[in-house]
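Step one of this worksheet: look at the structure below.
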Amino acid sequence: MKWHQVGNGKVQLRLPVGIIGAVSYLCEAYVKADEKVDKRKLAKFKVHLDLIRQGRYISRGELK
Amino acid sequence: MTAQAQPKQHKSHGKSRIHVDSNVDSSEQMKLFNIAVQMKRAGLSELFIVSAVRAALDYEGVSDLMNLWTNEKDQNERDEIIADIQEMIESTAQKEKSEEMYVKFNDLEEIAKNIRGFKDSLYQVVMERGGICKLAELTGIPQPSLSRFFNSNAMPRRATVLAIAKALNLDKLPIDLKWSK
C-alpha cells in the first residue's frame, strides 16, 4: 500500500499495489475517509489480486 | 494481507449453478447462506444474492464484504457495501485480461464531462420510465449500485450499461463505449 497526503495533510490518498512475480500492479486508488472505507477497499483489493493472478483484469497501460 | 496470499481455488467459473464443493469450509459456507437469507429479507434481488454467494465462495474478498454487510448497522454504509459487492460480481465475470485505452491525465476532465453527460441523459430516461427502484427491479442490480452508477463520474462497465439499456428497451445509447470498461 502506498499513500500520499494531499493538501494540508487531512486527506490521505491510498494506492493499493499488488506485487505478483516481478510485476507491480497499481490498482484502484481511493481517499481514506474512515476505517470502514479502508475495510471495504481492502476486501475489494483482495478480489483484484485474485483476478490478477488468474489473468482476468483490465490493463490500461504500463509504466516503464 | 500480502501479495503472496493464496487465492481460493476457482472452480465454478462459467458454471450456471451454485456449487458447494468450494474449498471454503462448511461453517463459512453456512455463514454465507445465512447472510443470503438476511439479504433476501432486506429486499435484495435473488439474482444479486445468488451472484454474491457464488462470488463469495470463490473470492475471499467478496466473502469479507458480505460479512461486513451483515455486521454493519448504518444503512448508508450497508448500501455502500452492496454497491461494492455488485462491482466485484461484475469484476469476477471478466474471463480474461483485456487491454483498454490508456487514459492520459490531461484528458480526464474531458472524459469525466463525457461520462457525466451520458449518465445525466440516461438518468432522465430512467426517471421517465419509473425511476431507480423500477430499474433495480427490472435489472436485478441493487438500488445502491444504480445510485452509485448515476452519482459518480466513474467509467461505467459495459455490462451495466447494456443491462440498463436492455431493461429500458433502448436500442441506441449516446455514449462512446471506449469510455466504459
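From first to last, the protein sequence lines are chains A and B.
Positions 1086 to 1149 (our numbering) are the ones given, in order, by the first sequence.
Positions 34 to 214 (our numbering) are the ones given, in order, by the second sequence.
Built from N, CA and C at the ideal position, the CB exists for glycine as well.
- Between F182 (chain B) and P189 (chain B), the gap from beta carbon to beta carbon is short of 8 Å.
- Its chain contains M121 as the residues whose beta carbon lies nearer than 7 Å to that of G94 (chain B), once the 5 sequence neighbours on both sides are disregarded; these appear in chain order.
- Under a 10 Å Cβ-count criterion, W1088 (chain A) is classified as exposed, with fewer than 16 other Cβ atoms of the shown protein chains found around its own Cβ.
- Taking a beta-carbon distance threshold of 8 Å, K64 (chain B) does not count as an interface residue toward chain A.
- The continuous stretches of beta strand (DSSP E) do not include Q1139 (chain A), and DSSP gives it neither H nor E.
- Going by DSSP, V1096 (chain A) is part of the beta strand (DSSP E) stretching over V1096 to L1100.
- Interface criterion met: the Cβ of E110 (chain B) is under 8 Å from a Cβ in chain A.
- Not a single C-beta of chain B is nearer than 8 Å to the C-beta of Y1115 (chain A).
- When only Cα atoms are considered, R149 (chain B) and S180 (chain B) end up about 14 Å apart.
- Contacts with chain A at 8 Å (Cβ-Cβ) include T125 (chain B).
- Between the beta-carbon of E123 (chain B) and that of T193 (chain B) there is about 7 Å, and that keeps the pair under the 8 Å contact cut.
- Interface residue (Cβ-Cβ distance to chain B less than 8 Å): L1136 (chain A) is classified as such.
- Between I1143 (chain A) and the set B:N202, B:T125, B:N56 and B:V158, the nearest pair of CA atoms involves B:T125.
- Burial of R1099 (chain A) is indicated by the presence of at least 16 other C-beta atoms within 10 angstroms of its C-beta.
- Secondary structure of Y1110 (chain A) (DSSP, three-state): strand.
- Between A1114 (chain A) and the set A:Q1097, A:I1104, A:G1140 and A:L1148, the nearest pair of CA atoms involves A:Q1097.
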